[in-house]
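Numbering (numbering that gives the first Met the number 0), first residue to last: 0 to 274. Here is the structure we will look at, set down as C-alpha cells.
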Amino acid sequence: MNKKQLFDHIKSKKSFLCVGLDPDLKKIPKHLLETEDPIFEFNKAIIDATLPYAIAYKPNIAFYESLGIHGWQALKKTIEYIPKEVFTIADAKRGDIGNTSYKYAETFFKKMSFDAITLSPYMGQDSIIPFLDYKDKWAILLASTSNIGALDFQELMIENSGGQKVYQKVIEISSQWGSDQNLMYVVGATRVSTLNHIRKIIPDHFLLIPGIGAQGGDLDVVCKYAMNNSGGLIINSARNIIYANNTVDFAHHAGLAAAQLQAQMAAAIIKYEKW
Numbered sequence: 000m001n002k003k004q005l006f007d008h009i010k011s012k013k014s015f016l017c018v019g020l021d022p023d024l025k026k027i028p029k030h031l032l033e034t035e036d037p038i039f040e041f042n043k044a045i046i047d048a049t050l051p052y053a054i055a056y057k058p059n060i061a062f063y064e065s066l067g068i069h070g071w072q073a074l075k076k077t078i079e080y081i082p083k084e085v086f087t088i089a090d091a092k093r094g095d096i097g098n099t100s101y102k103y104a105e106t107f108f109k110k111m112s113f114d115a116i117t118l119s120p121y122m123g124q125d126s127i128i129p130f131l132d133y134k135d136k137w138a139i140l141l142a143s144t145s146n147i148g149a150l151d152f153q154e155l156m157i158e159n160s161g162g163q164k165v166y167q168k169v170i171e172i173s174s175q176w177g178s179d180q181n182l183m184y185v186v187g188a189t190r191v192s193t194l195n196h197i198r199k200i201i202p203d204h205f206l207l208i209p210g211i212g213a214q215g216g217d218l219d220v221v222c223k224y225a226m227n228n229s230g231g232l233i234i235n236s237a238r239n240i241i242y243a244n245n246t247v248d249f250a251h252h253a254g255l256a257a258a259q260l261q262a263q264m265a266a267a268i269i270k271y272e273k274w
C-alpha cells in the first residue's frame, strides 16, 4: 500500500485507528477455547466488529510465534481475512544484517503479505535496506518508545551535538535511507514532549503511535502535535479494544470501543484542520 492509498483510507473513514491484534489464550473469552482455532476465531470476530472504524491492524508476532506452528497458522489466516484495502503491520521488531534481514523481509512481505513491519534500527543501515527494496511496503523504525527502559538509551544526550538526543540522531540518520513513502517511526503516545522535536526532523513521515488509553496517552494532544497534511498518524489501541469485554458479547463491546476512539479522531481532524 502506498502513501496516497493509506491517506485516502484515513480520509474516507475519518480515522487513524489501528487495532492491535494481540490475542492471549489466558484472556480471550473461554467459549472460544472450544473451537478448532481459538486465536483466529477471536481475531475474526474483532476484525468484523472494528472494521468500520479501523484503517489498520497490527498483530504482535510474539503472541503467535509463542504458540508454535498453530500460532503461525492462525496469523496467516488472520492476515488473509483482513481486506486488502486495510493496512497491516507485523509488529515483529526485527533487526539483523545480511541474509538474515533479507529473509525476514521475504517472510513478512512476500510470504505473509504484510504492508509494514516494525524494526529496530540499532544495527544500522544494512539491517533496514532489505525491507526498503519492496515496492509499496513500509519499514517502521523504533524511535521514541513509551517504556521505562527507553530512558536507558533513547533520551541520552550526545556529546558535542548541540543538545541532540540519541532518538533524534537515529531519526535524522535513518530518514536518509528511504523517504516518507516507505519509512515510518514508532513514537509512544506518552512521549508528547518529543513530538515537536520529531516533527521538525521528519515533518512528512507517518508516525505509528502506541500507548493511547491503557498506557495513559492523550489522543487529543497526540493529534494536535503529530498530525500533518497527509494524515501522518497511525494510532494503535489493543487492550482497550480487544479486551473491552470477556463474555460471548466481546466483539460487540470491541466495536463500541473502536467506534468511540474513531469519533474522537474525527473530532480532532475537524478541530486541528490539517487537511
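All C-beta atoms in this analysis are idealised placements derived from N, C-alpha and C, irrespective of residue type, glycine included.
Enclosing beta strand (DSSP E) for residue i [first to last residue]
| i | result |
| --- | --- |
| S112 | That residue, S112, is in no beta strand (DSSP E); it is neither H nor E in DSSP. |
| S236 | 232-236 |
| G19 | 16-20 |
| K270 | Careful: K270 lies outside any beta strand (DSSP E), inside the alpha helix (DSSP H) at 249-271. |
| A243 | Segment: none, A243 is in no beta strand (DSSP E) and carries neither H nor E. |
| A55 | 55-58 |
Integer-rounded CB distance, given that residue j should sit under 8 Å from residue i
| i | j | result |
| --- | --- | --- |
| T117 | L141 | 7 Å |
| K2 | D248 | Contact doesn't hold; Cβ gap of about 38 Å is too wide. |
| I211 | L20 | Wrong, their Cβ atoms sit about 16 Å apart, outside the cutoff. |
| A91 | I38 | No, A91 and I38 are not in contact; Cβ-Cβ is about 17 Å, not under 8 Å. |
| P58 | F41 | About 12 Å; that fails the 8 Å criterion. |
| V264 | F15 | Looking at the sequence shown, residue 264 is not Val but Met. Confirmed, about 5 Å. |
| K136 | F108 | 5 Å |
| Y103 | R93 | 5 Å |
| H8 | E105 | Contact flag wrong, Cβ pair sits at about 26 Å. |
Sub-8 Å separation of residue i and residue j beta-carbons
| i | j | result |
| --- | --- | --- |
| I208 | L182 | no |
| A89 | I127 | no |
| S145 | G187 | yes |
| G254 | T49 | yes |
| E53 | V18 | For the sequence presented, residue 53 should be read as Ala rather than Glu. Taking 8 Å as the Cβ cut-off, A53 and V18 qualify as a contacting pair. |
| I170 | I197 | yes |
| Y166 | S192 | no |
| N235 | K273 | no |
| H204 | S173 | no |
| D219 | A267 | yes |
| M226 | Y184 | no |
Residue interval of the alpha helix (DSSP H) (run including residue i)
| i | result |
| --- | --- |
| Y166 | 165-173 |
| P28 | It is not in any alpha helix (DSSP H) - P28 carries neither H nor E in the DSSP assignment. |
| Y63 | 61-64 |
| K13 | That residue, K13, is in no alpha helix (DSSP H); it is neither H nor E in DSSP. |
| P37 | 37-49 |
| D151 | 149-152 |
Length-filtered (3 minimum) beta strand (DSSP E) runs lying within the stretch 187-222: 205-208
Completely contained alpha helix (DSSP H) runs for the stretch 76-144, where each covers 4 or more residues: 97-104, 128-131
The stretch 77-88 contacting the stretch 106-126, beta-carbon criterion three pairs below 8 Å: Three or more pairs of CB atoms, one per stretch, sit closer than 8 Å, so the stretch 77-88 contacts the stretch 106-126.
Under 8 Å: do the stretch 252-269 and the stretch 23-32 share three or more Cβ pairs, one atom per stretch? no
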